[in-house]
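Report on one structure; see the data block that follows.
2 protein chains.
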Amino acid sequence: MNPDLNDDVFAALASPVRRALLTLLLDGPRTVNELAAHFDMRRPSVSEHLKVLRDAELVSERRVGRERHYSLEAGPLMELQEWLHPYERFWRERMAGLRDVLEDM
Amino acid sequence: MNPDLNDDVFAALASPVRRALLTLLLDGPRTVNELAAHFDMRRPSVSEHLKVLRDAELVSERRVGRERHYSLEAGPLMELQEWLHPYERFWRERMAGLRDVLEDM
DNA sequence: ATATTAGGTAGGGAGTTTCCTACCTGTCAA
DNA sequence: TTGACAGGTAGGAAACTCCCTACCTAATAT
C-alpha cells in the first residue's frame, strides 16, 4: 500500500537530532558545517546522522567544490502523511467527542 | 509549537511491530492475547511493545476482569500530522515539478 | 480450595545506536 | 606546491533496544 515508506524513514525520524536537521533544511540547502554549528556534537556525528537521512531519502546531497550541500527531500514525508490517513477517523471522533462535552457546558 | 509531540511518539513508531499493533487496533479494541497471535514473538515481548505505546499515549488500556483491552488513541498521530505541515510545501513543489515534466512529454 | 488463564515484571544476552577521536581524501588559496 | 579547510570513514565505548525464559499476581472455572 505504501511500498516506499519503509522502516528507514521511521527509524530516521526517531532521533531528535535528525528531526532538527530536517527543520533546519526547511530554510533551504545547507552545508555540513552550517548544520553542525547548531548542535552540541562533533561534526563526524552530524555526518553520520546525515547519512541516515540520506539512506532514508529524506535529504539529498549536491557536491559544490569541497562543500556538500544538503537539501530536504519531502517525498517520504508525503508517504508518512498517507500512512496516517487510516488513523484520521479516530482523532476526528475524539475531536467530535470533545466538542460535544464543551457544548454541554 | 507541538508541546505534546515528543520523542516517545517517534521512538514508538520506529518499530515495525508497534506500527503493526496500531494497524490491528484500527479494527477496534483487542486483548493482549488477540494481538500477540499476529506475531511470531512471545507474549511478554508484545506486552513490552504495548507498554512503549502506552507511554507514548498511542494506546490506552481498560481492565475487564482478567483481560486488558487495548484501544487506539490517535491524539499523538494528529500531532504528528501537524508536525508534517511545514514540510508539505516541499512535496507540493516536487509534485508540481513532476507534473510539468509530464506535460512536456 | 485448586487449577487454569490473562497478562505484567525481572533479568539477561545479542544486536544496534550514538557518540567519540583519529585519520583520510579532495579542493582551494598562498 | 604546500598548507588549510570541507567533510567522509574507521574503530571503539557506553547506552539502549528487542527478544528471550522464568516468574509473579489477579481473576475465573471446576
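Quick note, the sequences are listed as chains A and B, same order.
So the first sequence is residues 1 to 105, counted in the numbering used here.
So the second sequence is residues 1001 to 1105, counted in the numbering used here.
For glycine and all other residues, C-beta sits at the position ideal for the given N, C-alpha and C.
Can you give me, in chain order, the residues of the segment 70-95 of chain A that have a beta carbon less than 7 Å from any beta carbon in chain B? 72, 74, 75, 77, 78, 80, 81, 84, 86, 87, 90, 91, 94
Any C-beta of chain B sitting closer than 9 Å to the C-beta of residue 29/A? On the first sequence, position 29 is the one that residue 29/A refers to. False, the Cβ-Cβ gap to chain B never drops below 9 Å.
Length of the line joining the Cα atoms of residue 33/A and residue 41/A: Locating residue 33/A in the first sequence gives position 33, counting from the first residue. Locating residue 41/A in the first sequence gives position 41, counting from the first residue. Rounded to whole angstroms, residue 33/A to residue 41/A spans 12 Å at the Cα level.
May I ask you to report which of helix, strand or coil DSSP gives residue 1049/B? If you number the second sequence from 1, residue 1049/B lands on position 49. Note: residue 1049/B maps to helix in three-state DSSP.
Unbroken alpha helix (DSSP H) run spanning residue 1099/B, endpoints: As a position in the second sequence, residue 1099/B is number 99, starting the count at 1. Per DSSP, residue 1099/B belongs to the alpha helix (DSSP H) from 1075-1103.
Could you check whether residue 12/A and residue 53/A sit closer than 9 Å to each other, using their CB atoms as the reference points? Residue numbering aside, residue 53/A sits at position 53 when the first sequence is read from its first letter. Residue numbering aside, residue 12/A sits at position 12 when the first sequence is read from its first letter. Result yes, Cβ atoms of residue 53/A and residue 12/A sit closer than 9 Å.
Between the C-alpha atoms of residue 75/A and residue 39/A, what's the straight-line distance to the nearest angstrom? Taking the first residue of the first sequence as position 1, residue 75/A is located at position 75. Taking the first residue of the first sequence as position 1, residue 39/A is located at position 39. Roughly 26 Å between the two C-alpha positions.
Which of helix, strand or coil does DSSP assign to residue 1067/B? The count along the second sequence starts at 1 and reaches residue 1067/B at position 67. In the structure shown, residue 1067/B sits in a strand (DSSP, three-state: E or B).
What residues match up with residue 59/A in a beta bridge as DSSP calls it? Within the first sequence, the letter at position 59 stands for residue 59/A. Per DSSP, 72/A.
Give the interface partners of residue 16/A over in chain B, defined as CB-CB distance under 7 Å, in chain order. Within the first sequence, numbered from 1, the residue matching residue 16/A stands at position 16. Residues of chain B passing the Cβ test: 1007.
May I ask whether a heavy atom of the ligand HEM can be found less than 8 Å away from the beta carbon of residue 63/A? In the structure on display, the ligand HEM does not appear, and there are no ligands present to speak of.
Would you mind reading off the limits of the alpha helix (DSSP H) that contains residue 1029/B? For the purposes of this step, residue 1029/B is taken as residue 29 along the second sequence, with counting starting at 1. Premise fails: residue 1029/B is in no alpha helix (DSSP H) and is neither H nor E.
Spell out whether any CB of chain A is found under 9 Å from the CB atom of residue 1013/B. The residue given as residue 1013/B occupies position 13 in the second sequence. Yes, contact with chain A.
Strictly below 9 Å CB to CB, what residues from chain B border residue 26/A? Taking the first residue of the first sequence as 1, we reach residue 26/A at position 26. 1086, 1087, 1089, 1090, listed in chain order.
On the three-state DSSP scale, how would you describe residue 1042/B? By one-based count along the second sequence, residue 1042/B stands at place 42. In this structure, residue 1042/B counts as coil in the three-state DSSP scheme.
Spatial distance of residue 1057/B from residue 95/A (CA atoms): Along the second sequence, one-based indexing puts residue 1057/B at 57. Along the first sequence, one-based indexing puts residue 95/A at 95. If I take the Cα positions, the gap works out to 16 Å.
Ordered along the chain, which non-local residues of its own chain (more than five positions away) have a Cβ less than 6 Å from that of residue 71/A? Here residue 71/A refers to the residue found at position 71 of the first sequence. 29, 60, listed in sequence order.
How far does the alpha helix (DSSP H) with residue 123/A in it reach, from first residue to last? A question about residue 123/A goes unanswered here, because the residues of chain A that appear run from 1 up to 105.
Proximity test, Cβ basis, 9 Å: residue 19/A and chain B: In the first sequence, the residue the question calls residue 19/A occupies position 19. Yes, contact with chain B.
Neighbouring residues, chain A, relative to residue 1039/B (Cβ below 9 Å): Translated into the one-based positions of the second sequence, residue 1039/B becomes position 39. The contacting residues do not exist; residue 1039/B stays about 16 Å from chain A at best.
Inter-stretch contact (C-beta, 8 Å, three-pair minimum) for the segment 77-93 of chain A and the segment 1078-1088 of chain B: yes
Who are the near neighbours of residue 101/A in its chain, counting only those whose CB is closer than 8 Å to its CB and skipping five residues on each side? Taking the first sequence and counting its residues from 1, one reaches residue 101/A at position 101. Within the same chain, residue 101/A has no close Cβ partners at all.
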